[in-house]
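Going by UniProt numbering, the sequence shown opens with residue 1, and the numbers climb by one from there.
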Amino acid sequence: MADGVEVVDALFSQFVLGNASLERLWTGARWAEGPVYFADARQLLFSDIPNDRMLRWVDVGGPGDGGVTTVYRQPSEYANGHTRDREGRLVSCQHGTRSVTRTELDGSITVLAERIGGRRLNSPNDVVVKSDGSVWFTDPPYGILSDYEGHKAPSELDGCCVYRLDPATGALDVVVDDMVKPNGLAFSVDESVLYVTDSGRSHDPQGPRHIRAYDVRDGRELAAGRVVAEVAPGNPDGLAVDDEDYLWCSAGDGVHCLAPDGTLLGKILVPETVSNCTFGGAKRNRLFITATTSLYAIYLNRAGAQRP
Numbered sequence: 001m002a003d004g005v006e007v008v009d010a011l012f013s014q015f016v017l018g019n020a021s022l023e024r025l026w027t028g029a030r031w032a033e034g035p036v037y038f039a040d041a042r043q044l045l046f047s048d049i050p051n052d053r054m055l056r057w058v059d060v061g062g063p064g065d066g067g068v069t070t071v072y073r074q075p076s077e078y079a080n081g082h083t084r085d086r087e088g089r090l091v092s093c094q095h096g097t098r099s100v101t102r103t104e105l106d107g108s109i110t111v112l113a114e115r116i117g118g119r120r121l122n123s124p125n126d127v128v129v130k131s132d133g134s135v136w137f138t139d140p141p142y143g144i145l146s147d148y149e150g151h152k153a154p155s156e157l158d159g160c161c162v163y164r165l166d167p168a169t170g171a172l173d174v175v176v177d178d179m180v181k182p183n184g185l186a187f188s189v190d191e192s193v194l195y196v197t198d199s200g201r202s203h204d205p206q207g208p209r210h211i212r213a214y215d216v217r218d219g220r221e222l223a224a225g226r227v228v229a230e231v232a233p234g235n236p237d238g239l240a241v242d243d244e245d246y247l248w249c250s251a252g253d254g255v256h257c258l259a260p261d262g263t264l265l266g267k268i269l270v271p272e273t274v275s276n277c278t279f280g281g282a283k284r285n286r287l288f289i290t291a292t293t294s295l296y297a298i299y300l301n302r303a304g305a306q307r308p
């Protein structure tokens, strides 16, 4: 078994490769976050939130080549999480503007959401786009708690929610309102379940640090929310789903792999606190990991759920 892998359930041994180890592709961030892979360009974009920039890692070489990392956008409005929509456009959560934006194919930026009921959002954190084009995102307060990852300001809302933005009408609806700090989110392969992490333990030693699963009803509402896993050490942050619905969730000691019911199968151990992860590469079998100051990657015997 490769170094840096912890097997909890024997099944996990089938997911990792004995001759593939964790690689550090780049370092130099203050808090790396929000990885999103562009298969058509063989590149990965990710955020360095405190440095107010987005970075681009390009896979320019063969095996063993670390690729090239350059600044993609600075200032980035303290961008955090990113995804791509079904037309291949970049969708981003921006702490600085307290908004969700879309970068059009011509490079212009469209604001998708910044207010609910006339009041400003907290600081959108992570985002996914469903196959119907609807945009789902979390809105904890991390970007307004200090000037380190945004602009310190009071919240204008009564809590921290998960939202759905309708692609046809632009209507913004609350779909989850009972979490402390909703953070990462990902749909199951068939989009019948939405997984959301709650990192409330980050500022409260008694707060939650778990993953919840919600049934998706009629493509627009969530029901039957239940805790499927407690994550420790650290806090759950971003997460990814592979093509058989196994979860890959960030944690204080690496990336935890869990069955859909939340059973811990194993860990990819990382020497820095992990913030997020995403699948990429030509065969979607490379897990890219943002962790504190660095970007890491590891090849797996798994493939990410199909996404643009």
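Every residue gets a Cβ at the ideal spot worked out from N, C-alpha and C, and that includes glycine.
Supposed close pair residue i, residue j - CB separation, criterion 8 Å
i	j	result
residue 348	residue 304	Nothing can be reported for residue 348: it is not among the residues displayed for the chain, which extend from 1 to 308.
residue 268	residue 254	5 Å
residue 172	residue 113	5 Å
residue 72	residue 56	4 Å
residue 58	residue 67	6 Å
residue 126	residue 194	The Cβ separation is near 12 Å, so there is no contact.
Candidates the options, of which the one nearest residue i by Cα
i	options	result
residue 34	301, 295, 285, 299	295
residue 210	41, 179, 223	179
residue 290	47, 39, 306	47
residue 30	49, 100, 44	49
residue 270	250, 279, 261	250
residue 9	264, 193, 136, 176	264
residue 148	52, 298, 26	52
residue 104	84, 94, 241	84
residue 3	12, 70, 22	22
residue 272	115, 26, 245, 7	26
residue 152	241, 98, 299	98
residue 60	94, 70, 42	42
DSSP-derived helix/strand/coil call for residue i
i	result
residue 288	strand
residue 306	coil
residue 142	helix
residue 43	strand
residue 13	helix
residue 202	helix
residue 136	strand
residue 223	strand
residue 31	coil
residue 106	coil
residue 168	coil
residue 120	strand
Strand pairing of residue i, partner residues [DSSP]
i	result
residue 186	195
residue 23	297
residue 151	The partner list for residue 151 (beta bridge, DSSP) is empty, contrary to what the question assumes.
residue 248	240, 257
residue 99	94
residue 229	211
residue 273	Paired residue(s): none; residue 273 is not in a bridge.
residue 6	267
residue 280	286
Residue burial classification, residue i (beta-carbon count within 10 angstroms, cutoff 16)
i	result
residue 181	buried
residue 119	exposed
residue 81	buried
residue 141	buried
residue 86	exposed
residue 132	exposed
residue 123	buried
residue 301	exposed
residue 76	buried
residue 235	buried
residue 177	exposed
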